[in-house]
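Chains as they are written, first to last, in the working numbering: chain A, 15 to 196; chain B, 8 to 392.
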């Protein structure tokens, strides 16, 4: 049967006086009155930021201290509000990271434009750009909202690396050179 | 000091007493607004106003942070703001009545307290004497007569504002106040019938009501809330309506009337309405406590005199009239504060009634109920006597 008849019982006398309902409602209110507040006293107390929070985008280094960004400019390309501007640069030959393709000379994220969508993090092939736990951005001038490369690395810090892509690549190349292949 | 006070002429003493009571009642009314905000916050799982810390006062160790946490400085800042804000009188109002309305609101709210005993002390013979401004026989009748003057302020404010929302608010308010006054008065009559047994000198004094609740024995010591629960319930519901509290706050239902009768008011005039409302609440709760909850007696079946008798081993000072007076006032105030908390508690539980529901409850439910209650108790009292 497709139609289900829901029986509607007439209200009992107690229900029509509302009193039992009011009493149970007041008990609920009392429970909330005695409960601990759910809010925090903001600037003094900070909320617990859960893992995976999408805060301000930052640049990170790998555990060896190498900047992971190779300035491929995919994030700059994908960024919907065009908040990212990258100036690519070369890595000097005497650098310990000389085997890496490139590094950004300058990397700017305009926080007045950023919409915290996380597409830059999603698109990054090097896992170099991460939206981390910084959620409060303030300043007195427009310039203060443009995070440059140095600021981005300060905010980002170091994250563990599961791949060491470039080191493996270098090791593989050395191995190959040793065996005279490729 | 005390001798100098008693050497003053009676009229001066009465004026000093009256001013002292007003000096307590007015800030208490204002403090209720902060209590309201705090209870509102707690009911919504927030801490509530706790930030204001003036430069000097907030730095007093221990006391400063505590006062800050309870929003006392917010309260002072509110008062200061309302006092110094520009007092706008709109161009389209009837100026005389517009200005006089908040005064008319404030006057009954402060003057009803004259008939309310708020404490007691024992004289040498062990008799209980009330602490109050005017121990007159009309007692509760005086409170009702003065409190119902409050409706004029609403009508005046609504009419003088010359604008539709205040007008609608005033009409609703006056209709509501008049409707519920009937049930309220009828609910009190059984109490007064019960205490005025035939052959005793008749009185409407609230002191007598409390005295009656502090006798010895099971029926003597029972508060009237146990003897006449229905009367107490009707009185309480009518009290909510009379003080324009949720769920009966028709006059200022923000959703449909902007601000109700005080839409056109601002700054200090508005705050006078506000404090008057809390003043009515305080006096109303005091009335409820005197009539049904034993006044200054600490617990049911435990009169004040017995309680003071228990304290006697602590020293002779416990029998001093000053100590007993302050103790009884504290007990009474504690009950009043709990009752005001109850008002706020209900406010954050029940949604507002619709206007037709308010009228239906008032005339079709509460009034017949209070008449039936009166008849049943009259017959019962007649049979008992």
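For each residue, glycine too, the CB sits at the ideal point set by N, CA and C.
Keep in mind the model is a prediction, meaning the values are calculated, not measured.
Check                                                                                                                           : Outcome
Interface positions of the stretch 27 to 61 of chain B facing chain A (Cβ-Cβ less than 9 Å), listed along the chain             : 46, 48, 49, 50, 51, 52, 53, 54, 55, 57 and 58
CB contact below 8 Å: residue 46 of chain A versus chain B                                                                      : yes
Which of helix, strand or coil DSSP assigns to residue 271 of chain B                                                           : coil
C-beta atoms of residue 234 of chain B and residue 301 of chain B nearer than 8 Å                                               : no
Buried versus exposed, by CB contacts within 10 Å (16 or more), residue 197 of chain B                                          : buried
Span of the alpha helix (DSSP H) around residue 101 of chain A                                                                  : Not the alpha helix (DSSP H): residue 101 of chain A falls in the beta strand (DSSP E), residues 98 to 103.
8 Å Cβ cutoff, residue 162 of chain A in contact with chain B                                                                   : no
Cβ neighbour criterion (16 or more within 10 Å) applied to residue 364 of chain B                                               : exposed
Residue 49 of chain A: contacting residues in chain B (beta-carbon distance under 7 Å)                                          : 52
Separation of residue 112 of chain B from residue 303 of chain B, as counted between CA atoms                                   : 28 Å
Start-to-end residues for the beta strand (DSSP E) that takes in residue 145 of chain A                                         : 143 to 145
Buried or exposed (CB count within 10 angstroms, at least 16 for buried), residue 2 of chain B                                  : What is shown of chain B runs 8 to 392, which leaves residue 2 of chain B out entirely.
Distance, residue 245 of chain B Cα to residue 237 of chain B Cα                                                                : 12 Å
Backbone secondary structure at residue 120 of chain A - three-state DSSP                                                       : strand
Where residue 152 of chain B sits in the DSSP three-state scheme                                                                : helix
Continuous alpha helix (DSSP H) stretch holding residue 112 of chain A: start and end                                           : Unbroken run through residue 112 of chain A: none, as it is neither H nor E.
7 Å Cβ shell around residue 286 of chain B - same chain, five flanking residues per side excluded                               : 32, 36, 116 and 117
Within chain A, the residues that residue 355 of chain B reaches when beta carbons sit closer than 7 Å                          : 43
Coil, strand or helix - residue 29 of chain A by DSSP                                                                           : helix
Cβ neighbours of residue 158 of chain A in the same chain (closer than 7 Å, five flanking residues each side left out)          : none
Sufficient close CB pairs (3 or more, under 8 Å) joining the stretch 205 to 214 of chain B to the stretch 326 to 336 of chain B : no
Exposed unless 16 or more other CB atoms sit within 10 angstroms - verdict on residue 193 of chain A                            : exposed
With 16 other Cβ atoms within 10 Å as the buried cut-off, status of residue 164 of chain A                                      : exposed
Distance between residue 153 of chain B and residue 347 of chain B (C-alpha atoms, nearest Å)                                   : 21 Å
Test item: CB-CB of residue 117 of chain A and residue 84 of chain A under 8 Å                                                  : yes
Closer than 8 Å at the beta carbon, the chain B residues around residue 52 of chain A                                           : 52 and 53
Short CB-CB distance (under 8 Å) between residue 277 of chain B and chain A                                                     : no
Distance CB(residue 310 of chain B)-CB(residue 212 of chain B) smaller than 8 Å                                                 : no
C-beta contact flag for residue 200 of chain A and residue 70 of chain A at 8 Å                                                 : Past the edges of chain A, shown from 15 to 196, lies residue 200 of chain A, and the structure says nothing about it.
Boundaries (first-last residue) of the alpha helix (DSSP H) holding residue 170 of chain A                                      : 163 to 170
Closest residue to residue 109 of chain B among B/68, B/275 and B/352 (Cα-Cα distance)                                          : B/275
Proximal residues of chain A, C-beta to C-beta of residue 317 of chain B below 7 Å                                              : Result: empty, since nearest Cβ-Cβ is about 31 Å, beyond 7 Å.
Neighbourhood of residue 387 of chain B by C-beta, 6 Å cutoff - its chain only, sequence neighbours within 5 removed            : none
Proximity winner among A/28, A/78 and A/21, relative to residue 180 of chain A (alpha-carbon distances)                         : A/78
Closest Cα partner of residue 46 of chain A within the set B/319, B/163, B/46 and B/77                                          : B/46
As assigned by DSSP and simplified to three states, the class of residue 75 of chain A                                          : strand
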